[in-house]
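Following full-length UniProt numbering, the numbering of the sequence shown begins with 1 at its first residue and continues without gaps.
Backbone N, C-alpha and C fix where the C-beta goes; we use that ideal spot for every residue, glycine too.
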Amino acid sequence: MMKWMGFFLSEHTASLSDDKKKVDLKSDLTKEEKLVLISQLYASQLQGLFIVKEDKRKATCLGQVTELSPKEITVKTADGYQLLQVEDILSISMTEETDVE
């Protein structure tokens, strides 16, 4: 292990490697913006693609919003129903219409 200007190079390299592996789990949307988009999907009965944070990683959920409240929504997916917390939603987008059933 080499020392350079007070830093151990192996520690610095490990730190840089850890930074590269980090996933950005921040949303550009405010809670109000999320609720507006969710309400539009719900009212139009359109299918949405939700990127959510799940155990320090990103997950996707594709489906139709069937129930909504200020804190959580229920999404009907091809595999069943998923309960999503509004605060865990990172992004929302409308998708092409495909039959979820």
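Nearest residue (CA-CA) to residue i, options the options
| i | options | result |
| --- | --- | --- |
| residue 91 | 48, 40, 56 | 48 |
| residue 53 | 78, 25, 93 | 25 |
| residue 32 | 63, 80, 70 | 70 |
Whether residue i touches residue j by CB criterion (8 angstroms)
| i | j | result |
| --- | --- | --- |
| residue 86 | residue 72 | yes |
| residue 74 | residue 61 | no |
| residue 65 | residue 35 | no |
Rounded separation between residue i and residue j - CA only
| i | j | result |
| --- | --- | --- |
| residue 96 | residue 43 | 16 angstroms |
| residue 55 | residue 82 | 16 angstroms |
| residue 57 | residue 84 | 15 angstroms |
| residue 27 | residue 51 | 10 angstroms |
| residue 46 | residue 63 | 8 angstroms |
| residue 39 | residue 79 | 22 angstroms |
| residue 59 | residue 88 | 10 angstroms |
| residue 94 | residue 29 | 15 angstroms |
Any C-beta of chain B under 8 angstroms from that of residue i
| i | result |
| --- | --- |
| residue 25 | Among the chains of the structure shown, chain B does not appear; only one protein chain is present. |
Where in the segment 19-85 do unbroken runs of the beta strand (DSSP E), each at least 3 residues long, occur, reported from the N-terminal end onward?
-> If we require 3 residues or more, the beta strand (DSSP E) runs fully inside the segment 19-85 come out as 47-54, 57-68, 72-77, 80-85.
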